[in-house]
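Chain order of the listed sequences is A and B. Note that the first sequence covers residues 0 to 145 in numbering that gives the first Met the number 0. Note that the second sequence covers residues 0 to 367 in numbering that gives the first Met the number 0. Note that the Cβ used here is the ideal one computed from N, Cα and C, for glycine as well. No experiment lies behind these values; they were computed from the predicted model shown.
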Amino acid sequence: MTKIADNQIVIKLLPKDLSEQTYISDKHLYVKPEFIYELCKELQNNPETQYNYLKSISAVDYIEYFEIVYHLDSLINNSSLVLKTKLFGRSKLSVKSVTSLWKGAELQEREIWDLMGIYFEDHPNMKRILLWEGFEGHPLRKDFIK
Amino acid sequence: MSINNELVTVNFGPQHPSMHGVFRMRVTLDGESIVDIEPVFGYLHRGTEKLAEERTYVQIVTLTDRLDYVASMSNNLAYVSAVEKLCDIEVPKRASYIRVIVAELQRIASHLMATGFLLQDLGAFGTPLMYCFREREKILDMFETLCGARITLSYMRPGGVFQDTPDEFWGQLDSFMGTISDQISELESLITGNEIVLSRTRNIGILKPEEVINGSLSGPMLRASRVKWDLRKANPYEVYDELDFDIPIGATGDTFDRYLIRVKEMRESIKIINQCVSLIKPGPVRNEDVPLVIRAPENEAYAAVEGPKGELGFYLVSDGGISPYRCKIRAPSFMNLSLLREMAIGTKVGDLIVNFGSIDIVLGEVDR
């Protein structure tokens, strides 16, 4: 069975400058959006965690804020981790891309930009993927009408 | 004399006889070699994730049929697993066995399609594809007996399956299981040692193990590149932990391995179905406590199954209402395309179709 990582233990494994940027809320592990790239890099390379497989990136619109959810897996230790970050506001949202860490993030980040309107910095090819260029709005947002 | 080697950009698809659905690629060629390739998505985008936000949990089952339409059973299974995890619903044992049997039948059907079309792409028009379709047809007939539909099945429900198996089903399954092994051997005798197939697929589009893990590939794509990872073993769901089967892995991670892994997986599926048939006992097939309109608790759940194409996952977020607040689909066909450039660049344009066909994508799932 895949072990579900204990968030408390994961935080303890992190170097101090990173663990200060993380917190646990409602049983989920959160990180401040500016540190998402550094944290993912650490989780991928730390010999204790080795989250080498990015299962999926999802974005959820909670109206007051957006949540980006990273489902990570370690194929080495057979364990899984859910990492979240909150972005407040409705416009000009951006977060650093993790495509340089996991190639599998490339298409998913484009999809989130297309459907949710969250921009990923340093992405090699940040443009719409499922809808056409020139489409107005981001349809998966809760306030999108037609 | 100077040779003018200007780069040419060729538009390939979305309407092309050898394209698997409405996928489009912009291929830049230097003579016959591919120097750049850009996939263009979205021709079949129907907004499934948005539609799911306005339907009840049971109604969404019908949407999942239309994702990977050659493997509807696996989609149903992935979705109902997510709902069951979200609402903490128990599934009766008999229903679990039925689910495993139909999911493995669906895997055989899907792999047959993949193999048949791969050969079609190689230029073997007709014969091998018809061999594959003949067997797939028997599986579709069984599904018709089960639920009245052949492609868009909607057989599963949160908490079980739609109805118990009719008596004729077991007869059909028995006669199918009696011949399928030989039929696969027959198909394999046409392909595996075939000189033309070998020369066209060996050492084409090699992917290394680190690459496929980093690229979030899954399913046969991952295992062909020597990564022994299968959710049925790594994180068993339904009754897979009680069953005895192997995970075949490839040798080099080329197009031929991706074909061979599918043939080997079909044989493992046969083993699984035979075990399930001997272990299944009479009993209820549906949890009667599950209401028709499910009101999920305020929570979230991610559940995934090993579909024929790879890890098919559903991430459901509930706000306590009768439909999910957010329904994200982790589609294996979509994710398997993330290394298309790495696979194709440097190969010849003639190999592109076979190379691309070995990923086995279904556009309903790519564009959702």
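In chain order, what residues of the same chain lie with their CB nearer than 7 Å to the CB of residue i, ignoring the 5 residues before and after it?
i	result
I205/B	T251, G252, D253
T98/A	A104, E105, E108, H122, P123
G363/B	L43, R65, L66, D67, Y68
L100/A	C39, K40, Q43
S57/A	V68
S268/B	E103, R106, I107
V160/B	A94, I97, R98, Y154, V284, R285
So what does DSSP say about residue i, is it helix, strand or coil?
i	result
R340/B	helix
F333/B	helix
V322/B	The sequence shown places Ser at residue 322/B, not Val. Note: S322/B maps to coil in three-state DSSP.
F161/B	coil
E287/B	coil
A300/B	strand
A70/B	coil
N10/B	strand
F142/B	helix
A108/B	helix
G177/B	helix
V101/B	helix
V361/B	coil
S184/B	helix
S18/A	helix
F355/B	helix
F134/A	coil
Y29/A	strand
Roughly how many whole angstroms lie between the Cα atoms of residue i and residue j?
i	j	result
V9/A	G309/B	28 Å
N124/A	R109/A	8 Å
T164/B	E135/A	49 Å
N369/B	L339/B	The question about residue 369/B has no answer, for chain B in this structure spans 0 to 367.
L216/B	I358/B	10 Å
E33/A	R222/B	35 Å
G158/B	N74/B	15 Å
F244/B	Y22/A	42 Å
E237/B	G133/A	45 Å
A233/B	T1/A	6 Å
K83/A	Y118/A	16 Å
T456/B	L121/B	The structure shown has nothing for residue 456/B, since chain B only spans 0 to 367.
T346/B	V81/A	38 Å
E53/B	L139/A	12 Å
L130/A	D113/A	7 Å
E241/B	L278/B	10 Å
V284/B	E31/B	57 Å
V262/B	F65/A	44 Å
S180/B	K85/A	52 Å
S79/A	D229/B	15 Å
Y130/B	G115/B	8 Å
D140/B	R257/B	28 Å
I36/B	R25/B	6 Å
D29/B	L6/B	5 Å
Within the same chain, show all residues whose beta-carbon is closer than 8 Å to that of residue i, passing over the 5 residues directly before and after it, in chain order.
i	result
T151/B	T61, D64, R65, Y68, S71
V57/B	R156, P157, L291, V292, I293
E120/A	S93, V94, K95, S96
I75/A	Q49, N51
Can you give the beta carbon distance from residue i to residue j, rounded, assuming they're within the 8 Å contact cut?
i	j	result
G356/B	H19/B	7 Å
F168/B	T144/B	5 Å
L259/B	T178/B	Contact doesn't hold; Cβ gap of about 22 Å is too wide.
E341/B	E210/B	6 Å
S332/B	I352/B	Contact doesn't hold; Cβ gap of about 17 Å is too wide.
Which residues in the same chain have their Cβ closer than 6 Å to the Cβ of residue i, if we skip the five residues on either side of it in sequence?
i	result
G41/B	D366
I183/B	M265
K54/A	H70, D72
N202/B	D253
L315/B	A81, L85, A300, P323, C326
A102/B	M72, S73, L76
V39/B	R23
Counting only Cβ pairs nearer than 8 Å, list the residues of chain A close to residue i.
i	result
L338/B	K102
H44/B	L129, L130
E310/B	K54
W228/B	L74
Please compile the residues from chain A whose C-beta is within a distance smaller than 7 Å of the C-beta of residue i.
i	result
N234/B	M0, T1
R325/B	V59
List the residues of chain B that residue i touches, going by C-beta distances under 7 Å, in chain order.
i	result
L139/A	E48, K49
N77/A	A233
Give me the chain B residues within the contact set of residue i, using Cβ-Cβ distance strictly less than 8 Å, ordered along the chain.
i	result
L53/A	S215
E105/A	S337
H122/A	The premise fails here: H122/A is roughly 13 Å from chain B at the closest Cβ pair, so nothing lies under 8 Å.
Which residues in chain A have a C-beta closer than 9 Å to the C-beta of residue i? List them in chain order.
i	result
D366/B	L129
G41/B	D113, R127, I128, L129, L130, W131
Y301/B	K54, S55, S57, V68, H70, S79, V81
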